[in-house]
């Protein structure tokens with residue numbers, strides 16, 4: 257079956273689902289509404305949507321097919337008039353399966369083993385008396401692929417394979433088995449990408465950053481920063497929330513192609529997902545600032561190189577872990593941005609602390625605007641990586657899952673993170689390099705050159721200082 261393109265809107269009394277099903281026989285359509293669940297089947301298309309509130313299929317409901325456009329327009333009545341249906345534009349969330357309903361008590365205390373045996377016999381007898389059609393209905397209802405799942409206990413047993421998992425919630429493996437034959441300039445682990453453990457990945461990443469750190473490059477960009485100042489002054493279009501937010505047709509299609517997955521993350525894992533999200537948004541902010549939202553052939557390399565979770569398969573946390581899994585401490589935020597700042601000052605074309613601060617301001621604005629803006633940023637990252645012959649792998653192991661997960665994230669948490677990040681102070685000395693000393697040396701060198709031409713000016717030196725956040 258093919259999942260068709262679709263969109264949803266609402267009025268005070270109805271929800272309207274517009275479904276693109278070209279060249280079908282409208283007389284063969286099957287539509288069903290069951291509380292919050294809506295399904296439509298017309299060969300070869302099938303669509304199942306799970307809404308946040310109940311719907312009715314009554315006399316006010318309707319379905320109309322326009323063969324000239326290929327669209328089915330289905331109007332469904334709200335069970336409660338005036339009720340607002342949330343997240344109708346988050347298509348992957350609508351496509352997620354409905355949570356199963358517990359039937360009766362989950363635990364029942366029986367008087368004796370004999371009572372249990374009697375109940376089993378009674379159930380067996382009742383089942384045997386069912387007709388073939390009733391049995392098929394019962395089996396179909398039970399086989400809903402929505403069985404209750406529990407978080408697995410940590411596996412402390414020894415590993416029978418040298419291969420390690422990585423990516424979103426460590427769900428992936430095998431993507432780097434033949435990495436030596438691919439021109440992957442982002443990968444810093446080399447042939448060890450499949451076998452290196454978390455501590456080894458981090459050690460390799462930090463060592464690589466130290467090897468690539470270039471004091472002269474940093475000083476040159478600090479001294480000659482006219483173009484960098486233009487990049488800092490540029491305003492990102494996603495930092496301003498539009499009055500009416502609406503995804504484009506291309507974005508809707510991208511969401512329809514996302515995997516249909518359900519994630520069972522512990523509180524600690526969820527916190528780490530939010531922290532790693534910050535590094536993704538920082539990389540996106542840097543790439544879009546330096547290209548002004550006009551990606552270049554180098555954009556995929558920039559996104560991959562600036563993100564520790566991509567280049568070294570090394571996601572957050574990067575520092576001391578707070579004992580409270582429900583909250584993010586300032587120390588955890590600081591360590592997260594230190595990891596991003598170090599890479600922004602080591603690898604890309606423009607290496608400026610002030611530019612990194614501007615990217616952090618962008619991250620604050622993205623988070624403040626909520627999950628819809630964050631999803632738009634992730635979709636744009638995904639689009640860049642998906643069109644690269646090699647770097648698409650990072651979309652598979654990270655961005656596909658993040659684009660699904662973020663649709664169920666909490667806007668309150670995102671806005672709380674935005675406030676904490678805006679108040680965060682990142683001293684230059686925490687990056688591990690003598691940035692202030694290098695900047696002072698740059699001023700001294702520039703001063704001597706200006707003196708030689710009799711053009712010494714305190715205003716000129718002041719103008720060269722990075723703009724504050």
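Numbering (my numbering), first residue to last: 257 to 725.
Backbone N, C-alpha and C define an ideal beta-carbon position, used for all residues, glycine too.
None of the values given here were measured: they were computed from a predicted structure.
Which of helix, strand or coil DSSP assigns to residue i
i: residue 699; result: helix
i: residue 663; result: helix
i: residue 566; result: helix
i: residue 609; result: helix
i: residue 290; result: strand
i: residue 577; result: coil
i: residue 442; result: coil
i: residue 334; result: strand
i: residue 266; result: strand
i: residue 319; result: strand
i: residue 283; result: helix
i: residue 622; result: helix
i: residue 651; result: helix
i: residue 261; result: strand
i: residue 302; result: strand
i: residue 558; result: helix
i: residue 295; result: strand
i: residue 348; result: helix
i: residue 722; result: Residue confidence for residue 722 is low, a pLDDT of 42 falling below 50, so the modelled location carries little weight and cannot support an answer.
i: residue 531; result: helix
Nearest to residue i (by Cα), restricted to the options the options
i: residue 650; options: 569, 554, 336 and 309; result: 569
i: residue 437; options: 668, 645 and 672; result: 645
i: residue 591; options: 683, 337 and 286; result: 683
i: residue 730; options: 689, 620, 701 and 581; result: This structure does not reach residue 730, given that the chain is present from 257 up to 725, and the question cannot be answered.
i: residue 550; options: 492, 599 and 538; result: 492
i: residue 288; options: 313, 309 and 281; result: 313
i: residue 323; options: 280, 455 and 298; result: 280
i: residue 616; options: 499, 648 and 540; result: 540
i: residue 647; options: 557, 697 and 581; result: 557
i: residue 297; options: 328, 610 and 519; result: 328
i: residue 599; options: 490, 466, 585 and 299; result: 466
i: residue 265; options: 343, 432 and 257; result: 343
i: residue 325; options: 652, 276 and 698; result: 276
i: residue 639; options: 509, 475 and 295; result: 509
i: residue 575; options: 528, 520 and 611; result: 528
i: residue 654; options: 422, 418 and 257; result: 422
i: residue 457; options: 290, 567, 696 and 699; result: 567
Nonlocal neighbours in the same chain, by C-beta distance under 6 Å from residue i, ignoring five residues either side
i: residue 348; result: 511, 514, 660 and 663
i: residue 629; result: 494 and 622
i: residue 330; result: 273 and 319
i: residue 571; result: 532 and 565
i: residue 268; result: 338
i: residue 295; result: 288 and 304
i: residue 507; result: 635
Beta-carbon proximity of residue i to residue j, cut-off 8 Å
i: residue 589; j: residue 669; result: no
i: residue 641; j: residue 559; result: yes
i: residue 657; j: residue 503; result: no
i: residue 341; j: residue 307; result: yes
i: residue 452; j: residue 435; result: no
i: residue 594; j: residue 530; result: no
i: residue 608; j: residue 481; result: yes
Inter-residue CB distance, residue i and residue j (contact presumed, cutoff 8 Å)
i: residue 671; j: residue 634; result: Going by Cβ atoms, the distance from residue 671 to residue 634 rounds to 17 Å, so no, they are not a contact pair.
i: residue 604; j: residue 561; result: 7 Å
i: residue 459; j: residue 420; result: 14 Å between Cβ atoms; not a contact.
i: residue 631; j: residue 525; result: That pair is no contact at about 20 Å.
i: residue 581; j: residue 523; result: 4 Å
i: residue 444; j: residue 464; result: 5 Å
i: residue 311; j: residue 285; result: About 17 Å; that fails the 8 Å criterion.
Cβ-heavy atom distance, residue i to the ligand NAD, below 7 Å
i: residue 439; result: Inclusion of the ligand NAD in the displayed structure is not the case, the ligand content being empty and no account of it being possible.
Same chain, Cβ closer than 8 Å to residue i, five either side skipped, listed in chain order
i: residue 606; result: 477, 483, 484, 487 and 546
i: residue 361; result: In this prediction, residue 361 scores a pLDDT of 40, lower than 50, which makes its location untrustworthy; the coordinate-derived value is nonetheless stated afterwards. Taken in chain order, the list of residues that qualify is empty.
i: residue 309; result: 292, 334, 335, 336, 339 and 341
i: residue 667; result: 626 and 627
i: residue 259; result: 301, 302, 303, 351 and 512
i: residue 359; result: Confidence in residue 359 is poor, its pLDDT being 40 and thus under 50, which makes the residue's placement unreliable; the coordinate value appears in the next sentence. Nothing listed; no residue qualifies.
Contact set for residue i: own chain, Cβ-Cβ below 7 Å, skip 5 residues either direction
i: residue 469; result: 602 and 689
i: residue 398; result: Interpretation of residue 398 is limited by its pLDDT of 47, a score under 50 that renders its predicted location unreliable; no figure is taken from the coordinates.
i: residue 321; result: 282 and 328
i: residue 674; result: 620, 623 and 624
i: residue 471; result: 694
Cutoff 8 Å: residue i Cβ touching any chain E Cβ
i: residue 350; result: Looking at the structure shown, chain E is missing, and only one protein chain is on hand.
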